[in-house]
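Using our numbering, you'd call the opening residue of the sequence shown number 22 and step up by one each time.
Ideal Cβ positions, reconstructed from N, Cα and C, are used throughout, including at glycine.
Notes follow the structure.
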Amino acid sequence: MGLFDLFKKGNGKQLEFDNFNFKLAIVQELMYEQELLKPKFSASQFCEEQCFDFWEYGEKYAYQVPPEIRDYFETLEIPVKLANKVTKLYFDGGNEIYCEASLVWDGEDDLFDISKVSEAELKQFPNLKTVDGTVPMMTPEVKEFLKSKGVNLLI
22 MGLFDLFKKG NGKQLEFDNF NFKLAIVQEL MYEQELLKPK FSASQFCEEQ CFDFWEYGEK
82 YAYQVPPEIR DYFETLEIPV KLANKVTKLY FDGGNEIYCE ASLVWDGEDD LFDISKVSEA
142 ELKQFPNLKT VDGTVPMMTP EVKEFLKSKG VNLLI
């Protein structure tokens, strides 16, 4: 049984996302920080299961999210019950989600910048109160939107 099999469509309500990079930020918090969303995605394990050479695959899709990994995260179901656990998001180019989503990425471009967050997406996270980080990985418009909804920005 591989990673894809562990996240087959479940029975319960799932969070819905309009914006891939915002979803990755939520996955970072729930999967890699709080460890509530399991198992942790591992690009090396994924490559092994798919019979891809990790290094060749990484070089082929350098500085981008490979299509198979993008599909994995786009279809990853996150139970609604976990939404209340998200109280903060922390942005850093070295976040584990970015290392797993793009095997070759140096954090120096806008690949994972959040350019939009919809009202519907944000409403799912009523306890999100703080966005912090070492890098401002979101547009000025997203920052203003978050501030207007009562989210404290520390970046």
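Close beta carbons around residue i, own chain, < 6 angstroms, minus the five adjacent residues each side
i   : result
C68 : F75 and Y78
Per DSSP, cross-strand counterpart(s) of residue i
i    : result
L149 : None; L149 has no bridge partner.
F112 : G154
L174 : V152
I135 : M159
Outcome for residue i when other beta-carbon atoms lying within 10 angstroms are tallied against a minimum of 16
i    : result
K44  : buried
N116 : buried
S63  : exposed
G33  : exposed
M161 : Note on identity: in this sequence residue 161 is Pro, with Met being the wrong assignment. Its Cβ having fewer than 16 others within 10 Å, P161 is exposed.
V101 : exposed
Whole-Å CB distance - residue i paired with residue j, under 8 angstroms assumed
i    : j    : result
I176 : N42  : That pair is no contact at about 15 angstroms.
Y84  : V125 : 6 angstroms
K150 : K109 : 7 angstroms
D39  : S139 : 4 angstroms
Residue i at chain C interface by Cβ criterion, 7 angstroms
i    : result
E142 : Checking the listed chains, one finds no chain C in this structure; it contains a single protein chain.
Residue i and residue j closer than 7 angstroms at C-beta
i    : j    : result
E145 : A104 : The question names Glu, but residue 145 is Gln in the sequence shown. In contact: Q145 and A104 (Cβ atoms closer than 7 angstroms).
T155 : D113 : yes
E121 : Q35  : no
V152 : L132 : no
Close Cβ partners of residue i (< 8 angstroms) along its chain, the five nearest in sequence each way excluded
i    : result
G171 : K150
E95  : F41 and K44
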